[in-house]
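In what follows, a single structure is set out as structure tokens and then discussed.
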Amino acid sequence: MNVPANHPALLPRIGLLLLVLALALFPVLAPLFDLDYYTGFVRRLMIVALAAASLNFLMGRVGLVALGHAGFVGVGAYAVAALAEAGWTSAWAIWALAALAGVVVAGLTGAVALRTRGVYFIMITLAFAQMLFYLAVSLRKYGGDDGYTLYTPLTLLGGEQALAASGAPLYWVVLAILALVLPALWRLEASHFGRALEGIRDNETRMQAMGYPTYRLKLCAFALAGGIASLAGALLATQNGFISPSLMHWTQSALFIVMVVIGGVGRRWGAPLGVAVWLVFEEMLKQFTEYWHAPMGLLLIGVVFLAPRGLAALASRKAAP
């Protein structure tokens, strides 16, 4: 049976493929229009979108507002520094171990935080993130508050060619990871696991009465989100060639929440859209004024009042016949 190209089930897939194709061609076409700087900007946008997508999974599917998500990003970044300092050069191995470190740290954090609810959960995740922040400040081996420059070049596929932070290969690797993780999260949300998390979000007591191990399910989701955030942190460290405790500061966690809210909590495209709008708007304002924070605040206020369910929900409503 042939499915028409405009079938509703195919439109998101077609849109995703077109977006991936456009992003893949960008570093090739950018030099032709003297837009080399924006290759790095788009790569950073994709990395931040990866971290925001993991938080959106927690907020939208599980109903957990974690004010310490940047702590896991920092774990991934510092894992890259530690492994590179130890002589590791394989980017894939380092990124995998960085993600695993995020899973472990998130699992330990969640084991405590998930025994609470509401504002207490928010405060405990914030406390854990600030503990990581001050731990990073105390690590003089990695520059303390001044940060640490990564001197060890990383390689892909065990080759001799160093992975340049400003090169197209890293851009395409980041794009490939994002193109794999986002659909994987979407499929997970539609799975039995995702439906169970949704039930826990709506009525945890009822799910417990039905025999679901709600604590373990939430812990698995929390650890998964932490691992993805740490992977984003590892990619960010690779791109910047520099790490600092500021990656873990609570203001970064708050910024992730703001981006998710702007895009739309629980919406498939909420995190990427929120990150894109925020970073593009920020980049534009910085070119005109150093007091760009106030207009960014107005952007958030405007979205909350005019599109309380996020820009992704607004766009889908406009696109509906």
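The opening position of the sequence shown corresponds to residue 783 in this note's numbering, with each subsequent residue numbered one higher. Idealized CB from N, CA, C, for every residue including glycine.
Residue i to residue j span [Cα, whole Å]
i: Gly845; j: Asn838; result: 9 Å
i: Ala1007; j: Pro813; result: 35 Å
i: Gly1084; j: Pro1077; result: 10 Å
i: Ala972; j: Trp1051; result: 15 Å
i: Met1066; j: Tyr997; result: 44 Å
i: Val919; j: Met1030; result: 10 Å
i: Val802; j: Pro1054; result: 13 Å
i: Ala1094; j: Leu879; result: 33 Å
i: Pro1090; j: Leu970; result: 25 Å
i: Arg843; j: Ala806; result: 30 Å
i: Lys1000; j: Gly797; result: 31 Å
i: Thr1020; j: Ala1005; result: 23 Å
i: Leu936; j: Thr987; result: 48 Å
i: Tyr820; j: Phe975; result: 38 Å
i: Lys1068; j: Ala866; result: 34 Å
i: Ser1026; j: Gly993; result: 44 Å
i: Leu921; j: Asn985; result: 43 Å
i: Val1086; j: Val1057; result: 16 Å
i: Val857; j: Leu1096; result: 35 Å
i: Phe815; j: Leu957; result: 21 Å
i: Val855; j: Gln990; result: 32 Å
i: Asp928; j: Gly981; result: 45 Å
i: Ala1102; j: Gly1048; result: Per-residue confidence for Ala1102 stands at a pLDDT of 46, beneath the threshold of 50, marking its modelled position as unreliable; no derived number is given.
i: Trp1074; j: Phe910; result: 30 Å
i: Leu1082; j: Thr1033; result: 15 Å
i: Leu1018; j: Gly949; result: 14 Å
Beta-carbon proximity check, residue i vs residue j, cutoff 8 Å
i: Gly1009; j: Ala863; result: no
i: Ser853; j: Leu914; result: It is worth fixing the name first, because residue 853 is Gly in this sequence and not Ser. In this structure, Leu914 lies closer than 8 Å to Gly853 by Cβ.
i: Tyr860; j: Tyr924; result: yes
i: Leu967; j: Ala1003; result: no
i: His851; j: Ala1016; result: no
i: Leu938; j: Trp874; result: yes
i: Thr934; j: Phe1024; result: no
i: Tyr834; j: Phe1038; result: Reading off the sequence shown, one finds Ala at residue 834, where the question assumed Tyr. Yes, Cβ-Cβ distance for Ala834 and Phe1038 is below 8 Å.
i: Leu1061; j: Ile959; result: no
i: Leu840; j: Ala1036; result: no
i: Leu1013; j: Trp877; result: yes
Local Cβ density within 10 Å of residue i, reported as buried at 16 or more and exposed below that
i: Val830; result: buried
i: Met828; result: buried
i: Thr898; result: exposed
i: Phe1070; result: exposed
i: Tyr894; result: It is Val, not Tyr, that sits at residue 894 in the sequence shown. It counts as exposed.
i: Leu896; result: buried
i: Arg977; result: exposed
i: Thr907; result: buried
i: Gly884; result: buried
Minimum Cβ-Cβ distance from residue i to chain B less than 8 Å
i: Met1041; result: The chain labelled as chain B is not found in the depicted structure, where only one protein chain is given.
Report task. Could you tell me which uninterrupted alpha helix (DSSP H) segments, each at least 4 residues in length, are contained entirely in the segment 922 to 1005, listed from first to last along the chain? Result -> Every unbroken stretch of the alpha helix (DSSP H) spanning 4 or more residues and falling wholly within the segment 922 to 1005 is given here in chain order: 950 to 972, 974 to 984 and 986 to 991.
Query - Contact between the segment 1034 to 1048 and the segment 887 to 897 (3+ Cβ pairs under 8 Å) - result: Taking one beta carbon from each stretch, the segment 1034 to 1048 and the segment 887 to 897 have fewer than 3 pairs nearer than 8 Å; the two do not touch.
Query - Contained alpha helix (DSSP H) runs [length at least 4] in the segment 813 to 876, N- to C-terminal order - result: Annotation note: the segment 813 to 876 contains the following uninterrupted alpha helix (DSSP H) runs of length 4 or greater, listed N- to C-terminal: 818 to 838 and 851 to 867.
Query raised in the report: Which ranges would you report for the alpha helix (DSSP H) in the segment 1000 to 1084 if only whole runs of at least 4 residues count?
Result: Within the segment 1000 to 1084, the complete alpha helix (DSSP H) segments at least 4 residues long are 1032 to 1045 and 1052 to 1068, listed from N- to C-terminus.
Requested in this report: Output the residue ranges of the alpha helix (DSSP H) runs that lie fully inside the segment 888 to 921 and measure 4 residues or longer, sorted by chain position.
Outcome: Here the runs fully enclosed are 900 to 920.
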